[in-house]
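Peer 1: Those letters in the sequence shown? Residues 6 to 458, per this note's numbering, in order.
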Amino acid sequence: MPTGGTITALCTPAGASVRAMIRVSGPDVRDCVSKLFGIALGDRGVFQARCEFGGGDRDLPVQVVWYPGPKSYTGEDTVEIMLPGNRTLVGRVIDCLLGCDGVELAGPGEFSARAYLNHRLTLQQAEGIALRIAAEHDDELEAAGALLDGSYGDQCNEWATEITTLLALVEAGVDFSDQEDVIPIAPCDLHARLGILLDAVVAQIGTASGDRVHSDLPKVVFVGKPNAGKSSLFNALLGVQRATVSDQAGTTRDVIIEQMDLAKHVPGAGSVELVDLAGVGEAAIDSIDASAQTRALEVIEEAGVILWCDPAGVFDAESIALPTATPIVRVRTKSDLPLSTGLRTKTNNALAVCALDGTALGSLQRAIADAVSRRTGSGVGVFVPRHRRALIDSKDGIDAAIGHVDSTKRVIEEPELVAIGLRDALDALGELIGEVSPDDVLGRVFATFCVGK
6 MPTGGTITAL
16 CTPAGASVRA
26 MIRVSGPDVR
36 DCVSKLFGIA
46 LGDRGVFQAR
56 CEFGGGDRDL
66 PVQVVWYPGP
76 KSYTGEDTVE
86 IMLPGNRTLV
96 GRVIDCLLGC
106 DGVELAGPGE
116 FSARAYLNHR
126 LTLQQAEGIA
136 LRIAAEHDDE
146 LEAAGALLDG
156 SYGDQCNEWA
166 TEITTLLALV
176 EAGVDFSDQE
186 DVIPIAPCDL
196 HARLGILLDA
206 VVAQIGTASG
216 DRVHSDLPKV
226 VFVGKPNAGK
236 SSLFNALLGV
246 QRATVSDQAG
256 TTRDVIIEQM
266 DLAKHVPGAG
276 SVELVDLAGV
286 GEAAIDSIDA
296 SAQTRALEVI
306 EEAGVILWCD
316 PAGVFDAESI
326 ALPTATPIVR
336 VRTKSDLPLS
346 TGLRTKTNNA
356 LAVCALDGTA
366 LGSLQRAIAD
376 AVSRRTGSGV
386 GVFVPRHRRA
396 LIDSKDGIDA
406 AIGHVDSTKR
416 VIEEPELVAI
426 GLRDALDALG
436 ELIGEVSPDD
446 VLGRVFATFC
456 VGK
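1) Considering only residues of the same chain and omitting the five flanking positions on each side of V175, which have a CB-CB separation below 6 Å?
2) Could you give the DSSP three-state label for R371: helix, strand or coil?
3) In whole angstroms, what separates the C-alpha of E167 from that of Q160?
4) In or out: H124 buried (at least 16 other Cβ within 10 Å) or exposed?
5) To the nearest angstrom, how far is the alpha carbon of I293 from that of L302?
6) For I27 versus L41, is the C-beta distance shorter than 7 Å?
7) Please go through the segment 28 to 77 and give each complete beta strand (DSSP E) segment of 3 or more residues, from N-terminal end onward.
8) Using the Cα positions of T93 and E81, report the straight-line distance between them to the nearest angstrom.
9) Ordered along the chain, which non-local residues of its own chain (more than five positions away) have a Cβ less than 8 Å from that of W313?
10) What residue from A25, T170, Q209 and I305 has the CA that sits closest to D194's CA?
11) Below 7 Å between beta carbons: does that hold for G10 and E109?
12) Per DSSP, which one or two residues make a beta bridge with F227?
13) Any idea if T413 is buried or exposed, counting beta-carbon neighbours within 10 angstroms, 16 or more meaning buried?
14) What's the gap between the Cα of V260 and the Cα of A317?
15) Got a sec, what are the start and stop residues for the alpha helix (DSSP H) E97 sits in?
16) Give the range of the alpha helix (DSSP H) segment to which R337 is assigned.
17) D401 to R428, Cα distance in whole Å?
18) Could you give the distance in angstroms between the alpha-carbon of Y157 and the alpha-carbon of I138?
19) Going along the chain, which residues of its own chain have a beta-carbon closer than 6 Å to the beta-carbon of I262, five neighbours each way excluded?
20) Identify every residue that forms a DSSP beta bridge with T13.
21) Can you check whether the CB of F239 is closer than 7 Å to the CB of A233?
22) Count the other C-beta atoms from every protein chain shown that fall within 10 angstroms of the C-beta of R63, then say buried if there are 16 or more, exposed otherwise.
23) For L342, is the classification buried or exposed, using 16 other Cβ atoms within 10 angstroms of its Cβ as the cut-off for buried?
24) Where does Q246 fall in DSSP's three states?
25) Along the chain, where does the alpha helix (DSSP H) containing I261 start, and where does it finish?
26) If you draw a straight line from the C-alpha of V471 to the C-alpha of C37, how long is it?
27) Give me whichever residues DSSP pairs with R3 in a beta bridge.
28) With distances taken Cα to Cα, identify the nearest neighbour of L431 among W164, D375 and G155.
29) Give the DSSP-derived three-state secondary structure of A131 in the structure shown.
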């Protein structure tokens with residue numbers, strides 16, 4: 006995590022543009038601006054100035070916007086320098102700034118990290134900035150907006166308040182266990198309130214409230230006929246040789262499951278489970294193959310997203326019956342091989358990929374992330390992996406507490422176990438509402454930012 010010192014970086018996209026903006030923040034801002042631009046900073050305001058490069062070069066007119074701390078984005082003394090968006094000019098001005106005593110180039114997310122440390126942003130709002138920058142569709146923008154405007158944080162605080170209240174009532178029951186006429190909360194009331202809380206948290210995770218969530222990672226299932234290139238694509242997405250690959254059809258018999266973190270390739274995405282199956286859609290060659298196909302069909306019904314793999318690009322719906330409610334990504338595997346003349350126009354909007362040379366794997370990862378978001382909804386937990394993990398942990402704690410509450414009884418028979426579950430749920434939410442923010446968590450959050458934010 007960043008400490009003191011003065012930092013600077015370009016805050017607008019690199020490349021040619023009408024205007025660019027360079028931000029400088031920290032204790033040495035006044036001295037730096039005085040040295041480079043020859044202006045004395047007083048009250049906040051906008052100053053017209055010239056940057057002197059020296060060496061006979063012409064001065065560059067710039068506009069300097071001055072925000073004295075703590076009423077600035079970072080909470081520190083800050084200036085934002087507006088200048089023509091020419092890469093060479095921007096580089097020269099930054100070089101001049103770095104030549105001032107105590108000024109260093111900002112790291113990824115360092116301005117926002119300072120804003121968080123100076124209480125100008127909550128951790129959730131900082132994550133909202135990163136998500137908005139990376140957003141590629143409306144659902145991601147909506148989730149980023151919920152983080153930035155604080156509505157998501159308000160919801161988490163409401164859950165934490167409810168859990169705290171219920172925990173206090175349960176622990177009060179332990180304190181007054183020797184007094185039969187004192188019942189701080191009846192089991193039926195506790196069970197009902199926990200059920201409402203559980204449904205709300207599960208909905209935010211992005212899973213239908215009727216589902217039982219365990220690992221709760223969306224299952225991306227590879228479906229296709231034998232020897233359709235499913236296992237090769239499975240290995241290529243993972244980056245390791247996990248499934249056995251052979252030219253002989255029917256090599257895969259068992260269900261192979263591996264986790265993949267889409268966030269490494271698609272900013273803002275979460276983790277998924279990739280599931281490789283036996284080929285389906287053709288007659289079984291023996292009893293073992295028949296058993297493998299039966300199991301494969303069962304797994305297909307449980308899929309969150311289906312990757313329908315067909316090297317020919319035909320995607321014959323009559324040979325493979327797929328669930329109609331499940332998002333399907335059509336993948337023409339083995340795109341390095343030519344299609345026959347009669348099939349060249351029948352690719353059915355399929356994504357052509359090659360597992361051998363990696364062609365279009367990035368596009369496929371983006372397509373998987375989009376399909377997962379359509380399947381799971383648009384909650385913040387869908388797009389921010391850290392939030393998803395914390396919400397799942399909180400859900401598990403609430404679930405455990407409910408499991409120890411018999412709503413038909415007069416009193417709570419296992420209050421200690423109920424309290425443990427509620428504490429676990431509260432601790433998980435604490436990481437989201439800022440009560441529990443260890444340095445390694447903060448480091449991971451701001452490392453995902455680009456430089457200048």
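Don't be surprised by glycine CBs; every beta carbon is placed ideally from N, CA and C. These numbers were taken from a predicted model, which means no experiment stands behind them.
Peer 2: So, from the listed chains and residues:
1) P420, V423 and A424
2) helix
3) 11 Å
4) exposed
5) 14 Å
6) no
7) 50 to 56 and 65 to 72
8) 28 Å
9) V228, G229, F320, I325, L327, I333, V334, R335 and V336
10) T170
11) yes
12) L312
13) exposed
14) 24 Å
15) The residue you asked about is not Glu; residue 97 is Arg in the sequence shown. It spans R92 to L103 - the alpha helix (DSSP H) in which R97 sits, taken as one unbroken run.
16) From DSSP, R337 is part of no alpha helix (DSSP H) but of the beta strand (DSSP E) over I333 to R337.
17) 11 Å
18) 18 Å
19) E278 and V280
20) V29 and L110
21) no
22) exposed
23) exposed
24) coil
25) That residue, I261, is in no alpha helix (DSSP H); its beta strand (DSSP E) goes I261 to D266.
26) There is no way to answer for residue 471, as the model of the chain reaches only from 6 to 458.
27) Any answer about residue 3 is impossible in this case: the structure gives the chain only from 6 up to 458.
28) W164
29) helix
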